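In the working numbering, the protein residues as written are 11 to 347.
The block underneath contains the structure these notes are about, expressed in structure tokens.
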């Protein structure tokens, strides 16, 4: 019997519980003992865990969030953090660890593998910006929520003759905004990767409002409207929740066009709720694959989606660069707007 552990780190998103279910079920199938590390890398530092069994995970596939909870803790930025992680490995007699997370969580996993710890990754990010994988669970659920919100805003914008700005998540990559904007046929979609000007945005809004009496703009939270000092976390990321890009954008559009313009921010609404069918299936498959590789002694890799197959990708390749929206997608937006 082997002893293995699972943790979830970084921001939560739909699909984490299915991944926990898949990984746990795979290990239990062979009679292994499974621990759930609480609050991501924080739990590995503090030695906080629960034991996972069939009853623990039997009904979690349809639930959002993560039953193991999460945090944005970086053991490499905490004094004695890495040594504490090693002690938890030793105290639990772990044969390996599955870490589910985005660029930061997998970045830590990659560094721990480099110093000899048996770690396998499961890619997770609603931003869909991880290299090495075609898609990550959490993204489909987030974009679906964004689409639904944009369509609802369209109804109220039309009723009141307004322009409405919808702010969605997306720090460095605008995939959520892109899919939201296209699927809800927004009049303009702003991405961190897309060049824009006030004249262009206001022209699109004014034209749409003149033709049908309302307008819809989708903006990614990572779009820079102005520079300034901002609060950051342990990984150096700006707290985008306090930037209010959508609100500032709506205010400026209103001033420049004379059109009554309001804003709405989805924020953490995109993170919660049951995962879509796609995210459930991807989470389960990735969790099973990661655990299979861990049990076979294949470490330092993550379970990536390529086409319709789950394949091995080195952790170092997954965190080397971000997958951002390319020119072909931006040209598609330009055709539709």
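Every residue gets a Cβ at the ideal spot worked out from N, C-alpha and C, and that includes glycine.
The structure displayed is predicted, hence computed values, not measured ones.
Alpha helix (DSSP H) segment containing residue i, residue limits
i           : result
residue 176 : It is not in any alpha helix (DSSP H) - residue 176 instead sits in the beta strand (DSSP E) that spans 173-178.
residue 298 : 287-305
residue 187 : 185-193
residue 54  : 51-56
residue 114 : 113-124
residue 38  : 26-39
residue 98  : 91-101
residue 209 : 208-222
residue 345 : 337-346
residue 71  : Taken as a continuous stretch (DSSP letters only), residue 71 belongs to no alpha helix (DSSP H), as it is neither H nor E.
residue 264 : 255-267
Through-space distance from residue j to residue i, alpha-carbon basis
i           : j           : result
residue 324 : residue 131 : 9 Å
residue 20  : residue 26  : 11 Å
residue 24  : residue 341 : 30 Å
residue 93  : residue 175 : 47 Å
residue 220 : residue 189 : 25 Å
residue 239 : residue 253 : Low confidence applies to residue 239: its pLDDT is 44, below 50, so where it sits in the model is not reliable, and the reading given next is rough at best. The alpha-carbon atoms of residue 239 and residue 253 are separated by roughly 10 Å.
residue 70  : residue 172 : 41 Å
residue 203 : residue 158 : 24 Å
residue 328 : residue 149 : 17 Å
residue 339 : residue 48  : 38 Å
residue 284 : residue 74  : 5 Å
residue 54  : residue 124 : 17 Å
residue 300 : residue 292 : 12 Å
residue 346 : residue 195 : 8 Å
residue 98  : residue 303 : 21 Å
residue 298 : residue 264 : 50 Å
Beta strand (DSSP E) segment containing residue i, residue limits
i           : result
residue 198 : 198-200
residue 230 : 225-230
residue 273 : 271-275
Nearest candidate by alpha-carbon position, reference residue i, set the options
i           : options               : result
residue 315 : 340, 288, 36 and 46   : 288
residue 50  : 24, 64, 15 and 63     : 15
residue 266 : 296, 62 and 214       : 214
residue 128 : 137, 138, 107 and 263 : 107
residue 96  : 57, 209 and 177       : 57
residue 41  : 13, 67 and 30         : 13
residue 43  : 114, 305 and 345      : 305
Any C-beta of chain B under 9 Å from that of residue i
i           : result
residue 345 : The structure shown contains no chain B; it holds only a single protein chain.
Beta-ladder partner(s) of residue i, from DSSP
i           : result
residue 312 : 131 and 323
residue 108 : 16 and 130
residue 61  : 45
residue 147 : 134
residue 332 : 140
Supposed contact pair residue j and residue i - C-beta distance, whole angstroms, cut 8 Å
i           : j           : result
residue 167 : residue 226 : 6 Å
residue 80  : residue 35  : Not really, about 21 Å apart at Cβ, beyond 8 Å.
residue 230 : residue 178 : 6 Å
residue 62  : residue 45  : 7 Å
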